[in-house]
Every structure is written in C-alpha cells, then in structure tokens.
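Counting in the numbering used here, the sequence shown runs from 23 upward without gaps. Every residue gets a Cβ at the ideal spot worked out from N, C-alpha and C, and that includes glycine. What follows is one structure encoded as structure tokens, with my remarks underneath.
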Amino acid sequence: MTRQEAGRGEAHLPAPGEAWTPIRLTRWCGEYLAKKGVENGRLDAELLLADVLDVARLDLYLQFDRPLRPAELEAFKTLLRRRAAREPLQYILGKTPFRELDLKTDSRALIPRPETEVLVEEVLAWTGRSVGPFTGADIGTGSGAIVLSLLKEGPFEKAIGTDPSRDALDLAAENARGHGLERRVEFRNGPGLEPLESEERFSVIVSNPPYIPEGERGSLQPEILEWEPGGALFGGPDGLAVLLDLVTGARDHLLPGGLLAMEVGDGQAGTVVQAMKGTKKFCEITIRPDLAGRERVVMGVASE
23 MTRQEAGRGE AHLPAPGEAW TPIRLTRWCG EYLAKKGVEN GRLDAELLLA DVLDVARLDL
83 YLQFDRPLRP AELEAFKTLL RRRAAREPLQ YILGKTPFRE LDLKTDSRAL IPRPETEVLV
143 EEVLAWTGRS VGPFTGADIG TGSGAIVLSL LKEGPFEKAI GTDPSRDALD LAAENARGHG
203 LERRVEFRNG PGLEPLESEE RFSVIVSNPP YIPEGERGSL QPEILEWEPG GALFGGPDGL
263 AVLLDLVTGA RDHLLPGGLL AMEVGDGQAG TVVQAMKGTK KFCEITIRPD LAGRERVVMG
323 VASE
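Right, here's the structure in full:
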C-alpha cells in the first residue's frame with residue numbers, strides 16, 4: 023500500500039461475543055499486521071494500544087482483562103489503520119527515544135536510529151580524550167538527534183545544525199525547544215557544508231548524511247521508501263556523493279586537531295577512509311562498528 027492509499031482502508035475487527043480486552047486485541051491485531059507485511063506486529067499493536075490508554079507497554083498486562091471502552095477502541099483502530107498502511111510506528115506515535123532524549127518525530131525528517139547513537143557515542147568519547155571547550159557542526163541534522171545529544175551530554179558550548187530541508191529544520195528547532203537547548207544551537211538551511219561561513223572553524227564536524235545507493239530503492243521496506251524523506255536517504259548511484267563532499271570540504275571548517283565523524287553505509291567505510299587519506303588533511307583515521315558489528319562510523323582528525 024502506498025502512502026497515498028494510507029487511511030483509505032478499514033481495520034475491521036471481528037464482532038466478538040465478548041468485549042475486547044488488551045490481551046485479546048493485541049493478539050488479534052498482531053496477526054492482522056503480520057498479514058499486512060509488518061514485522062513485529064504484536065509488539066507494534068501493544069505499543070499503539072499503550073499509547074491510546076496512556077500506559078507503559080508492560081502495564082497493559084496489569085489490566086489484561088479490562089474491556090476497552092468504545093472511544094478507546096475507535097482511537098486504537100485509527101492508529102492500527104495507519105500502521106497497516108505501513109506508516110512507521112514512530113511517525114504514528116510522534117516520538118522516538120534517542121540516547122537521553124525523547125524526540126518529536128514525524129515525516130519531516132528521518133527517524134533517528136540506534137546505529138546513529140554509536141556515532142554520537144564515538145564523538146563523545148573523543149571529546150573525553152581531548153581538550154575543550156568544543157563547538158560543533160552537524161551536517162544534515164534532520165530531527166536534531168545528533169546535535170542535541172552532543173549538547174546535552176557533551177562539553178559543547180554551542181553548535182550548528184544544517185539541513186537542506188526547511189521542514190526538517192523546523193522539527194529540529196521544536197526538539198531543541200522541547201529540551202531547553204534552543205539558546206545553544208543555531209539551525210541553518212542549505213545542502214552540505216554550504217550554510218557554514220567561510221571563516222567558521224569547529225572542534226567537531228559530524229554527519230549522518232544520505233548514503234543509500236539509488237539502486238537499492240527497490241529493496242527498502244515501504245516504511246522507509248514510502249514515508250521517510252528521500253532527500254535524506256539517497257546519496258547518488260553508489261551512495262557516496264555527500265560523504266565524499268564532506269571529506270573534501272570539511273577540513274576548511276575544522277580547527278587544527280578537530281574531528282570529522284561520519285556515519286557510513288555497508289561497504290562504504292574503506293572508500294571513505296581512502297578518500298580521507300588522499301586529501302592528506304587528516305590523520306588518526308579510524309573505523310568503528312555498530313552494535314551489529316558492521317563498519318558504521320569513520321572518523322579522522324584534522325592535521326595541524
């Protein structure tokens with residue numbers, strides 16, 4: 023089902039001889055979502071119902087035999103229809119946990135992912151080994167997950183987040199205000215490094231850029247392809263276009279000894295490392311894996 027078709031169908035619950043309880047409803051809806059191609063349908067049904075009832079997911083089972091009221095059931099069916107149309111769970115719930123933040127999440131920006139938490143962790147570890155204070159620039163900030171996490175958890179006085187999407191920047195600004203960080207971050211509109219002033223230099227430039235090759239469109243789940251912004255996903259024929267632009271231009275905006283840290287896609291780390299070496303502007307170039315063991319983060323220190 024495409025995005026345009028979302029909401030046209032009905033999630034027809036069978037008319038039972040007894041009232042719907044949380045355990046009965048989530049069991050039935052888990053099977054229903056699985057038939058629609060949704061992975062982890064039972065879990066998603068539990069999370070949607072917990073949102074409707076305003077309880078923690080595990081607390082559903084403290085009231086497993088409580089009949090749902092008609093208004094609760096109708097509200098749940100509305101959310102269920104959206105998930106059956108393959109709208110991402112995070113967009114339906116309107117929020118995503120990311121490290122220490124609870125981020126507002128909608129289709130204006132990519133959904134923050136656990137792999138990107140590794141990028142933040144590596145940057146924070148580097149600042150712990152270096153001398154501050156620090157300033158940072160997050161290129162392609164999206165929802166603001168990276169830059170706001172660095173400001174909240176790290177020794178950063180201030181930071182800039184850039185993005186070519188004004189809608190994404192609006193979302194990032196909302197998240198900054200929601201966490202009381204709006205006075206320490208500035209958001210600028212534009213692609214790549216272009217929003218940075220020519221004389222600006224930072225301690226850290228970090229980015230989770232578009233890196234999916236165009237040829238992989240057909241292999242993506244509908245939750246990604248039909249709902250998340252394509253401009254934040256695809257990085258040209260081989261996925262490397264934005265990554266290599268960052269390698270080429272980032273040194274001009276880094277202080278000597280500053281850090282460039284980027285999230286990369288599967289099989290891209292080696293090419294990015296060779297490009298960094300080829301500039302002769304970086305040293306201490308390293309690759310870090312994500313929790314699944316995939317090469318996910320490439321970092322290099324600006325030569326003096």
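Rounded separation between residue i and residue j - CA only
{"i": "Glu317", "j": "Gln290", "result": "8 Å"}
{"i": "Val74", "j": "Lys99", "result": "10 Å"}
{"i": "Gly214", "j": "Glu222", "result": "14 Å"}
{"i": "Ile234", "j": "Val269", "result": "17 Å"}
{"i": "Glu53", "j": "Leu95", "result": "17 Å"}
{"i": "Met321", "j": "Arg91", "result": "53 Å"}
{"i": "Ser112", "j": "Arg310", "result": "Residue 112 is actually Gln in this sequence, not Ser. Cα-Cα distance, rounded: 27 Å."}
{"i": "Leu282", "j": "Leu255", "result": "20 Å"}
{"i": "Asp87", "j": "Thr43", "result": "5 Å"}
{"i": "Gln26", "j": "Asp66", "result": "Reliability fails at Gln26, whose pLDDT of 46 lies under 50, so the model's placement of it is uncertain and the value that follows must be treated cautiously. Using only the alpha carbons, I get a separation of about 22 Å."}
Backbone secondary structure at residue i - three-state DSSP
{"i": "Glu27", "result": "Note that Glu27 scores 42 on pLDDT, short of 50, meaning its location in the model is unreliable; the coordinates nonetheless yield the value given after this. Three-state result, Glu27: helix."}
{"i": "Gly202", "result": "coil"}
{"i": "Val153", "result": "coil"}
{"i": "Asp98", "result": "What sits at residue 98 in the sequence shown is Phe, not Asp. Reduced to three states, the DSSP call for Phe98 is helix."}
{"i": "Glu179", "result": "strand"}
{"i": "Leu218", "result": "coil"}
{"i": "Pro244", "result": "helix"}
Bridge-paired residues (DSSP) for residue i
{"i": "Thr184", "result": "Ile161 and Arg210"}
{"i": "Ser229", "result": "Ile161 and Met284"}
{"i": "Glu317", "result": "Pro311"}
{"i": "Thr118", "result": "Leu125"}
{"i": "Leu262", "result": "DSSP lists no partner for Leu262."}
{"i": "Ala324", "result": "Phe304"}
{"i": "Ile234", "result": "Phe256"}
{"i": "Leu276", "result": "Phe224"}
Any non-hydrogen atom of the ligand ATP within 6 Å of residue i CB
{"i": "Val294", "result": "In the structure on display, the ligand ATP does not appear, and there are no ligands present to speak of."}
Anticipated Cβ contact below 8 Å, residue i with residue j, distance rounded
{"i": "Leu123", "j": "His201", "result": "6 Å"}
{"i": "Met284", "j": "Leu265", "result": "6 Å"}
Given 8 Å, three or more beta-carbon pairs between the stretch 179 to 196 and the stretch 158 to 168: Contact holds between the stretch 179 to 196 and the stretch 158 to 168, because three or more Cβ pairs, one in each stretch, are under 8 Å apart.
Validate contact between the stretch 172 to 189 and the stretch 230 to 247 using beta carbons, cut 8 Å, 3 pairs: Result no; under three Cβ-Cβ pairs closer than 8 Å.
At least 3 beta-carbon pairs within less than 8 Å: the stretch 100 to 111 vs the stretch 242 to 250: The stretch 100 to 111 makes contact with the stretch 242 to 250: 3 or more CB pairs, one atom from each, lie closer than 8 Å.
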